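Those protein sequences? They're chains E and A, same order as listed. Residue numbers are given in the numbering used here: position 208 of the first sequence equals residue 208, and the series is strictly consecutive. Residue numbers are given in the numbering used here: position 190 of the second sequence equals residue 1190, and the series is strictly consecutive. Using N, Cα and C, we set each Cβ at its ideal position, and we do this for glycine too. This one's a predicted model, so the numbers in the text were calculated from it and none came from an experiment. Structure first, then comments.
There are 2 protein chains.
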Amino acid sequence: MHARGSGRQRGREDALSRERIVAAAIELLNRDGEAGLTFPALSRHLATGPGAIYWHVADKGELLTAACEAVVIRTLKAVPAGATPPDTIRALALGMFDAMAASAWIGSALIRAESSLTMVQLIEPLGQQICALGVPKKVRWAALSALLSYILGVGGQNAANQQYTHAHGIGRADYLEKICAAWKQLDAQTHPFARSVAGELRTHDDRADFLAGVNLILQGMSTLRR
Amino acid sequence: MHARGSGRQRGREDALSRERIVAAAIELLNRDGEAGLTFPALSRHLATGPGAIYWHVADKGELLTAACEAVVIRTLKAVPAGATPPDTIRALALGMFDAMAASAWIGSALIRAESSLTMVQLIEPLGQQICALGVPKKVRWAALSALLSYILGVGGQNAANQQYTHAHGIGRADYLEKICAAWKQLDAQTHPFARSVAGELRTHDDRADFLAGVNLILQGMSTLRR
DNA sequence: CCAGATGTTGGAATGTGATTCCAGTCGTGT
DNA sequence: ACACGACTGGAATCACATTCCAACATCTGG
């Protein structure tokens, strides 16, 4: 990457730009998942060569980070403000959940985020609500950290599941059915729990479970209130 | 991969075997992280060619899954049983935390785990304790799911941090210092929270925070008790 | 309007790693 | 000794990420 911040002189209307590249990257990522983002594919999509792309971005990692940041910012901006702290936290969490469900790649990209700057976009609003919730200063970071890890953890797992079903060309229902069957096969003595919940897998609602988890954490936080 | 399950006939003492390959993979992973596991490196390590390795394992993914499973099983076996449910859950969680801290690659490997079988190793004992905790049947899965996602989420983030510091050749302290400095640079109007917790970053204890998060979830679960 | 100077481009060249192929090797049963 | 099948090692393929570089466009000053 070279692009200086200095004098833009040109004005070709078909100009390549960091924005157009990031937009194309997001398109590829949403269509084919993390594996879909390759320089050959990107070059084809933008009708150019890899060299031109490297003029605007340092490497693939930076591209992923930029794409991730764009989506996260767009997502969080859409979350309405003004509700009670718990409701706002739920809205923020669900917003991220939905975004990560729609774009599985965000999960892994956000976690490996080289720039903690994207993460701040999420940390700040969550943190503010935790403060508003009355969580004592001493444990604010721990509380935030728990919430954040939970949100990212769920996102990561959903992403993994989606990637799996996508890669194997099977539907979510078939996937769950397969796991359910495998778990029911387990030994009753050593794996009573897995067997007992196997059935629920087929019908469970990821989003509802996620919300339940957020509520569990909120519930726990409420006991911290001074 | 071809290796049939049928007739082992040979007995060459220098024989390659799935076990030896997985052990070598774990060694490479622990030494150089996820990027350290390559077939050239593995071949060198085992003094053979890639073709021989492919006779025993299907592909890199299977190798990663197998390595992950081996470490997870070893880790969970070391967790003492017999304590109260909350204590056992804490012990299981901390066991995984420590394992993921020592072997950052487990985090990402476990999440992308193609085989839900490895995951069961973790789900089963956690689930049993949740039952013992008296969590109503209706919400057992949700409770487990929350705990699991949290554990994996923290592991994933720690892995990302370690990978970052390792890749950039800087220490954990320098890394935190850098983030702290960046956060203090933020606008006080828009990012009051990030600024206010920035200082804590430098001195916080990941393990303690993790435990606090587990306790938060346990706390929340206790309110579910019928 | 022309000659540099410079930002930009597209594609070729390089290097690395996953995966496949295949021509042996070695031990076993006959 | 012979044939067979499990196993091996390395060469051959392929798909990228990244770097290089020979044009090209546009602007600047004359």
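- When the beta-carbon positions are compared, A:Gly-1220 and E:Gly-220 come within less than 7 Å of each other.
- Here E:Glu-124 really is in contact with A:His-1191; their C-beta atoms are around 5 Å apart, less than 8 Å.
- A check of alpha carbon separations from E:Ala-41 across E:Ala-78, E:Arg-90, E:Ala-25 and E:Gly-213 identifies E:Ala-25 as the nearest.
- Setting aside the 5 residues that flank it on each side, E:Met-100 is surrounded in the same chain by Ile-106, Gly-107, Gly-155, Asn-158 and Ala-159, each with a C-beta closer than 7 Å to its C-beta; the list follows chain order.
- Within chain A, no C-beta atom comes less than 9 Å from the C-beta of E:Gly-51; the nearest is roughly 25 Å away.
- If you ignore the 5 residues before and after A:Glu-1069, its C-beta comes within less than 6 Å of the C-beta of Thr-1118, all in its own chain and listed in chain order.
- When 8 Å is used as the limit between beta carbons, A:Val-1139 is near these residues of chain E: Ala-212, in chain order.
- Annotated three-state conformation of E:Glu-19 is helix, per DSSP.
- A straight-line Cα-Cα distance of about 8 Å links E:Phe-39 and E:Ile-53.
- Exposure of A:Gly-1199 is indicated by the presence of fewer than 16 other C-beta atoms within 10 angstroms of its C-beta.
- Rounded to whole angstroms, the Cβ separation of A:Val-1079 and A:Leu-1122 is 11 Å, and the two are not in contact under 8 Å.
- Between E:Ser-116 and A:Ile-1179, the gap from beta carbon to beta carbon is short of 7 Å.
- When C-beta atoms of the segment 81–93 of chain E are compared with those of the segment 42–62 of chain E, fewer than three pairs fall below 8 Å, so the two segments do not count as touching.
- Considering only E:Leu-110, E:Ser-145, E:Ala-113 and E:Ser-43, the residue with the shortest C-alpha distance to A:Ala-1212 is E:Ser-145.
- Of the other Cβ atoms in all chains shown, 16 or more fall within 10 Å of the Cβ of A:Met-1096; this residue is therefore buried.
- A:Gln-1189: not part of any alpha helix (DSSP H); DSSP gives it neither H nor E.
- Taking a Cβ-Cβ cut-off of 7 Å, the neighbours of E:Glu-200 in chain A comprise Trp-1141, given in sequence order.
- Taking CB atoms only, E:Ser-103 has no neighbour in chain A less than 7 Å away.
- For a cut-off of 8 Å, the C-beta gap from A:Ala-1003 to A:His-1056 is around 6 Å, short enough to register as a contact.
- The alpha carbon of E:Asp-205 has as its nearest neighbour, out of A:Leu-1094, A:Arg-1020, A:Arg-1031 and A:Val-1139, the alpha carbon of A:Val-1139.
- E:Gly-134: not part of any alpha helix (DSSP H); DSSP gives it neither H nor E.
- If you look at E:Ser-43, you'll find it in the alpha helix (DSSP H) that goes 39–46.
- Across the segment 145–160 of chain E, CB contacts with chain A closer than 7 Å involve Ser-145, Ala-146, Ser-149, Tyr-150, Leu-152, Gly-153, Val-154, Gly-156, Gln-157 and Ala-160, in sequence order along the chain.
- One thing to note: A:Ala-1093 has its Cβ no nearer than 7 Å to the Cβ of A:Val-1022.
- Non-local beta-carbon contacts of A:Arg-1090 in its own chain, meaning distances under 8 Å to residues more than five positions away in sequence, involve Leu-1211, Val-1214, Asn-1215 and Leu-1218 in chain order.
- At a cut-off of 7 Å between beta carbons, E:Asp-209 contacts chain A.
- Within chain A, the residues placing a beta-carbon under 7 Å from that of E:Thr-223 are Gln-1219, ordered along the chain.
- Around the beta carbon of A:Ala-1142, 16 or more other beta carbons lie within 10 angstroms, which makes this residue buried.
- Between E:Leu-147 and the set E:Glu-19, E:Ile-130 and E:Ala-102, the nearest pair of CA atoms involves E:Ile-130.
- For E:Ile-111, the residues of chain A that pass the 7 Å Cβ criterion are Gly-1156, Gln-1157 and Ala-1160, in the order they occur in the chain.
- Classified as buried, E:Asp-209 has 16 or more neighbouring CB atoms from the shown chains inside 10 Å of its CB.
- Counting the other CB atoms within 10 Å of its CB gives A:Thr-1075 a total of 16 or more, which places it among the buried residues.
- In the DSSP assignment, A:Ser-1222 falls within the alpha helix (DSSP H) that extends over 1206–1222.
- Non-local C-beta neighbours of A:Asn-1030 in its own chain, meaning closer than 7 Å and more than five positions away in sequence, comprise Ser-1103, ordered along the chain.
- Only residues of its own chain outside the window of five on either side were considered, and among them Gly-61 and Thr-65 have a CB closer than 7 Å to the CB of E:Glu-114, listed in chain order.
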